[in-house]
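The next block holds one structure in the form of structure tokens; read it before the comments.
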Amino acid sequence: MMRRVLAIGLVCAIGALLVFTVSNYLLPFGTFPQRKFENFENQSVAQVYLENAPKAEAGGAGSANVVTSIVWDYRGYDTLGEATILFTAVCGVAMLFRAAKEGD
Amino acid sequence: MAGMTLIVKTASRLLSPFVLLFGIYIVLHGHLTPGGGFPGGVIIVAAIVMLLLGYGAEAAKAKFSPLQASVSENIGSLILVATGLLGLFLGFNFMKNAIPLGTTGNLYSAGIIIPLNIGVGIKVAAGLAVILYAMLTAFEEEEK
Amino acid sequence: MNVDYIVAMLMISFGLYCLLIKRNLIKMVIGLEILTFGIHLFLISMGYREGGIAPIVTSTNPASVVATMGVDPLPQALVLTSIVIDVCVTAMLLSLAIYAYKHYKTLDTSELRRLKG
Chain C
2 MMRRVLAIGL
12 VCAIGALLVF
22 TVSNYLLPFG
32 TFPQRKFENF
42 ENQSVAQVYL
52 ENAPKAEAGG
62 AGSANVVTSI
72 VWDYRGYDTL
82 GEATILFTAV
92 CGVAMLFRAA
102 KEGD
Chain A
64 MAGMTLIVKT
74 ASRLLSPFVL
84 LFGIYIVLHG
94 HLTPGGGFPG
104 GVIIVAAIVM
114 LLLGYGAEAA
124 KAKFSPLQAS
134 VSENIGSLIL
144 VATGLLGLFL
154 GFNFMKNAIP
164 LGTTGNLYSA
174 GIIIPLNIGV
184 GIKVAAGLAV
194 ILYAMLTAFE
204 EEEK
Chain S
338 MNVDYIVAML
348 MISFGLYCLL
358 IKRNLIKMVI
368 GLEILTFGIH
378 LFLISMGYRE
388 GGIAPIVTST
398 NPASVVATMG
408 VDPLPQALVL
418 TSIVIDVCVT
428 AMLLSLAIYA
438 YKHYKTLDTS
448 ELRRLKG
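Residue numbers (this note's numbering), protein chains in the order written: chain C, 2 to 105; chain A, 64 to 207; chain S, 338 to 454.
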């Protein structure tokens, strides 16, 4: 009973801290290319991807969907690693149930 | 596992080809509409799951056995790696978009993305089928 | 008062509460899933532009409109990878839960702690 109250209090404290951190004062919302955060200004590579991906020349990918061209063309090696993770998970589940089938 | 009532059997038998066709459409149009290989593979495996839940494990295994699912997953993985090695053999780095890009907006455009989407769609569908067959028939071997 | 960030933080809190309080194994897995969904929502909504459109070139949105009014496509591509990894982790967790139920005939973690060997 005491542990329950302590756990609820901890979750409420963490929730209040998180909601205060992402309020409009600390983390501005809707400012995609120009992000200013207390004189720290950064740009991102996403603007370059948005301009170059639909072009059918040497620098672009030639596809109408920008997100698919990022996943398979500009960062294709990460997606190959993710396919390896899927293969490993299928091997792990099959191995667990094969050991249970052959009995003790 | 056993099957379900007559209404579920009829509905799943009538709807399953259309779900399969919709999944293939989402995989093939990955470079024109939102989607791609991963959501399309999950929709393809939903067509098999409808038969598995409605008719039982024995009837579904007669149509698409776990051995066929395992071999299909390996074929999908080999398509993925072979398309990446194509760029290496043509003189550039691994997984470079080296085959000719068409005009943006047609079905044939964005050279290397179509075979990659097909490979990943087959791989995700067959992998999830293996996982579901292993989980749903785990308790049957004990009763024998 | 942006709603996306606050809802994401509330989902993280609910998932954390479910992980701490519940004792059934399946309910703990559900709590972990809600926590992961909250994190994905927070990551995607960080790339929003005022009055933005989806980054897809169609017949009504040519390439110049997408380049000036499109939202950030990079977090969407990274969250796509993260969703597949979450599915793999959940598959391993659920198969371990099935294995534990078959061996010990119970899914309560306070009972599972007392049975040793």
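The beta-carbon is built from N, C-alpha and C at its ideal position, and this holds for glycine as well.
Using a Cβ-Cβ distance cut-off of 8 Å, the region 414-424 of chain S and the region 82-96 of chain C are in contact, since at least three pairs of beta carbons, one from each stretch, lie closer than that value. Ranked by Cα distance from S:V402, the first of C:A95, C:V72, C:Q48, C:S24 is C:Q48.
Note on the region 92-163 of chain A: there is no whole beta strand (DSSP E) run with a minimum of 3 residues. Beta-carbon to beta-carbon, A:G117 and A:S75 are separated by about 4 Å, close enough to satisfy the 8 Å threshold. Listed in chain order, the non-local C-beta contacts of A:L199 below 8 Å within the same chain comprise M64, L115, A120, local neighbours out to five positions each way being set aside. For S:I420, at least one C-beta of chain A is nearer than 9 Å to its own C-beta. For A:F127, no CB of chain S lies under 9 Å from its own CB, so it is not counted at the interface with that chain. Excluding the 5 residues flanking it on each side, S:S447 has same chain C-beta neighbours closer than 7 Å at R360, in chain order. Linking A:A123 to A:L149 through their CA atoms gives a straight-line distance of about 37 Å. Any Cβ of chain A closer than 9 Å to the Cβ of S:L417 would place that residue at the interface, and such an atom is present. Not a single C-beta of chain A is nearer than 9 Å to the C-beta of S:I358. In the structure shown, the three-state DSSP call for A:G165 is coil. With fewer than three CB-CB distances shorter than 8 Å, the region 174-189 of chain A does not count as touching the region 361-371 of chain S. Contacts between S:S432 and chain C, judged by CB atoms closer than 9 Å, involve G93, V94, L97, F98 in chain order. Using a Cβ-Cβ cut-off of 8 Å, S:V394 is close to T167, G168 of chain A, given in chain order.
Below the 8 Å Cβ cutoff, chain A contributes T167 as neighbours of C:P55, in chain order. When only Cα atoms are considered, S:I435 and C:L97 end up about 10 Å apart.
Nearest Cα to S:A404 within the set S:L433, S:Q413, S:I390: S:I390. Less than 9 Å separates the beta-carbon of A:F101 from that of A:G184. Check the Cα spacing between A:L179 and each of A:V71, A:P80, A:G104, A:L77: the tightest is with A:G104. S:D445 has S:N361 as its beta-bridge partners, per DSSP. Against chain S, the CB of A:A197 has a partner CB under 9 Å away; the residue lies at that interface.
Within chain C, the C-beta atoms nearer than 9 Å to that of A:T96 come from A65, N66, in chain order. If you check the CB distance, S:M346 and C:V68 do not come in under 9 Å. In the DSSP assignment, A:K186 falls within the alpha helix (DSSP H) that extends over 176-199. In this structure, A:P163 sits near A:G174, with a CB-CB distance shorter than 9 Å. The region 9-84 of chain C contains, as complete alpha helix (DSSP H) runs of 4+ residues, the segments 47-53, 67-70 (chain order).
Runs of alpha helix (DSSP H) with 4 or more residues, each lying fully within the region 391-415 of chain S, are found at 400-406, listed in chain order.
Residue state for S:T418 is assigned as helix, using DSSP reduced to three classes. With a cut-off of 8 Å on Cβ pairs, the region 407-415 of chain S is in contact with the region 379-389 of chain S, counting three or more such pairs. Near chain A, meaning a CB-to-CB distance below 9 Å, the residues of the region 68-79 of chain C are V68, T69, S70, V72, W73, D74, G77, Y78. For the region 176-195 of chain A, residues whose beta-carbon sits nearer than 9 Å to a beta-carbon of chain S comprise V187, L191, I194. By the neighbour-count definition (other C-beta atoms within 10 Å, threshold 16), A:V144 is an exposed residue.
Interface annotation, C:G10: not in contact with chain S, CB-CB separation never under 9 Å. Not a single CB atom of chain A sits nearer than 9 Å to the CB of C:A17.
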